[in-house]
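*Asks:* First the structure, then my questions, so here it is.
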Amino acid sequence: MNMSADQFDLTGKVALITGATKGMGLSIAERYAKSGAKVVVTSRNLAECEALAADLNGRYGAGVAVPVRCDIDVKADVEAAVAATLKAFGKITTLVCNACGMSWLGPIIDMPDDELDRTFLTVFKSKFWFSAICAPHMAAAGGGSIIYISSGSAWEAATERAVYACMRAAEIHFMKNLAAELGPDNIRVNAISPGLIRTFSSAPLFADPEKHRAMGLNMPMRRTGEPEEIAQAAAFLASDASSFTTGGVIPVDGGRLLHAQPNRLTDVYGAGARK
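Following our numbering from start to finish, the sequence shown increments by one per residue and tops out at 1426.
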């Protein structure tokens, strides 16, 4: 492989990003544009997409960003977003599936059928659509990178959002199977597993400073995360620096997936070896 001086440079990359106008998606779009990629920014709100594209074009050069309205729950919108990317830039090298609706909260036996269907659609089926539609175009371009912004819920039993957690687990297994299938086409497929990140959807959890601080203390790194920290991992997976990385999950969670327990035994037994 011909290695350039800066493998983290995204010049020449074309990224389609879902849920790009807020939170982690916004940080990813900004990081990609700053690193030289062309970006298609999508969400259900066209005005927000247009405002973001105008901002990125103003800061990083005309034609860097293109706005497209896309509801990930609608296959025709998914197809149109891919077509718009090809029309604007002639290829797709990077797909970032970030958009996902808020999970339904409550006991699993009380979950309505329509919420069950919606969770399957937003968490799993939309990624299936995007991946299946983008993959042939990536293969034609010589390869690419598919990135799922997943959730730590995939690894845990969740008593308030069980179906959401199950769909996240299915998403991870789908990612691994897709990586195996698309590897011969030089298409890498990976996921990022965020911890508690300060975004618009998690804002209620950050509203009380003391409760926020307490949540951070439960993590090995003793803090919560910022959207930019997810964007850094997404930039790595989009870049040639990750050319031999596929089928993996990168935890960006301050150690959440370690499931580390607080130090309590020394309080009971005291430090040192037991006799």
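Glycine is no exception: its CB is placed at the ideal position from the N, C-alpha and C atoms.
For the stretch 1305-1362, which segments carrying the beta strand (DSSP E) assignment without a break, of at least 3 residues, lie completely within its bounds, in sequence order?
*Replies:* Complete beta strand (DSSP E) runs here, min 3: 1338-1345.
*Asks:* Alpha carbon to alpha carbon, how far is Cys1248 from Asp1418?
*Replies:* Position 97 of the sequence shown, counting from 1, holds the residue named residue 1248. Position 267 of the sequence shown, counting from 1, holds the residue named residue 1418. Approximately 45 Å between the Cα atoms of the pair.
*Asks:* Look at Asn1341 and Thr1397 and say whether their C-beta atoms are less than 8 Å apart.
*Replies:* Within the sequence shown, residue 1341 is the residue found at index 190, counting from 1. Within the sequence shown, residue 1397 is the residue found at index 246, counting from 1. Yes. Within cutoff.
*Asks:* Among Ser1254, Met1289 and Leu1197, whose alpha-carbon lies nearest the alpha-carbon of Leu1272?
*Replies:* Counting from one through the sequence shown, the residue named residue 1272 turns up at place 121. Taking only the C-alpha atoms, the option nearest Leu1272 is Ser1254.
*Asks:* Mind reading off the beta-carbon distance from Tyr1315 to Thr1270? Whole number of angstroms is fine, and I expect it under 8 Å.
*Replies:* One-based indexing of the sequence shown puts residue 1315 at position 164. One-based indexing of the sequence shown puts residue 1270 at position 119. With a Cβ gap of about 6 Å, Tyr1315 and Thr1270 count as contacting.
*Asks:* Using 8 Å as the cut-off, can you tell me whether the stretch 1185-1197 makes contact with the stretch 1256-1269, which would need three or more C-beta pairs spanning the two stretches below that distance?
*Replies:* No contact exists between the stretch 1185-1197 and the stretch 1256-1269.
*Asks:* With respect to the beta strand (DSSP E) encompassing Ser1301, which residues constitute its N-terminal and C-terminal limits?
*Replies:* By one-based count along the sequence shown, residue 1301 stands at place 150. Taken as a continuous stretch (DSSP letters only), Ser1301 belongs to no beta strand (DSSP E), as it is neither H nor E.
*Asks:* Can you tell me which residues form a DSSP beta bridge with Pro1402?
*Replies:* Counting from 1 along the sequence shown, the entry for residue 1402 is found at position 251. Ser1344.
*Asks:* Thinking just about the alpha-carbon of each residue, which of Leu1207, Asp1264, Thr1193 and Pro1263 is nearest to the one in Leu1246?
*Replies:* Counting from 1 along the sequence shown, the entry for residue 1246 is found at position 95. It is Thr1193.
*Asks:* Count the other C-beta atoms from every protein chain shown that fall within 10 angstroms of the C-beta of Ala1234, then say buried if there are 16 or more, exposed otherwise.
*Replies:* The residue you call residue 1234 lines up with position 83 of the sequence shown. So Ala1234 ends up on the exposed side.
*Asks:* Check the DSSP bridge columns for Ala1166 and list the partner residues they point to.
*Replies:* Working through the sequence shown from its first residue, we reach residue 1166 at position 15. DSSP lists Val1190 and Thr1245 as partners of Ala1166.
*Asks:* Look up Val1274 in the DSSP assignment and say whether it is helix, strand or coil.
*Replies:* Stepping through the sequence shown from its first residue, residue 1274 is reached at position 123. DSSP places Val1274 in helix when its eight states are reduced to three.
*Asks:* Kindly indicate which three-state DSSP category Ser1430 falls into: helix, strand or coil?
*Replies:* Beyond the ends of the chain as shown, which are 1152 and 1426, falls residue 1430; an answer cannot be given.
*Asks:* Measure the CB-CB distance between Ala1166 and Val1190 and report whether it falls below 8 Å.
*Replies:* Position 15 of the sequence shown, counted from the start, is the residue given in the question as residue 1166. Position 39 of the sequence shown, counted from the start, is the residue given in the question as residue 1190. Yes, these two residues count as a Cβ contact at 8 Å.
*Asks:* Could you give the distance in angstroms between the alpha-carbon of Gln1158 and the alpha-carbon of Pro1263?
*Replies:* The residue labelled residue 1158 in the question sits at position 7 within the sequence shown. The residue labelled residue 1263 in the question sits at position 112 within the sequence shown. Answer to the nearest angstrom: the Cα atoms are 47 Å apart.
*Asks:* Taking 8 Å as the cut-off, does the stretch 1378-1386 touch the stretch 1181-1188 (at least 3 CB pairs, one atom from each stretch)?
*Replies:* Contact holds: three or more Cβ-Cβ distances are below 8 Å.
*Asks:* Which residue wins for smallest C-alpha separation from Lys1173, given the options Glu1201, Lys1164 and Leu1161?
*Replies:* Position 22 of the sequence shown holds residue 1173. The shortest Cα separation from Lys1173 among Glu1201, Lys1164 and Leu1161 belongs to Glu1201.
*Asks:* Does the beta-carbon distance from Asp1129 to Ser1277 come in below 8 Å?
*Replies:* The chain is shown only over 1152 to 1426; residue 1129 falls outside these bounds and no answer can be derived.
*Asks:* With a 10 Å radius around its C-beta and 16 neighbouring C-beta atoms as the bar for buried, classify Asp1359 as buried or exposed.
*Replies:* Numbered from 1 along the sequence shown, position 208 holds the residue referred to as residue 1359. Under this definition Asp1359 is an exposed residue.
*Asks:* Can Leu1408 and Trp1306 be called in contact, C-beta distance under 8 Å?
*Replies:* Position 257 of the sequence shown, counting from 1, holds the residue named residue 1408. Position 155 of the sequence shown, counting from 1, holds the residue named residue 1306. Cβ distance < 8 Å, so Leu1408 and Trp1306 count as in contact.
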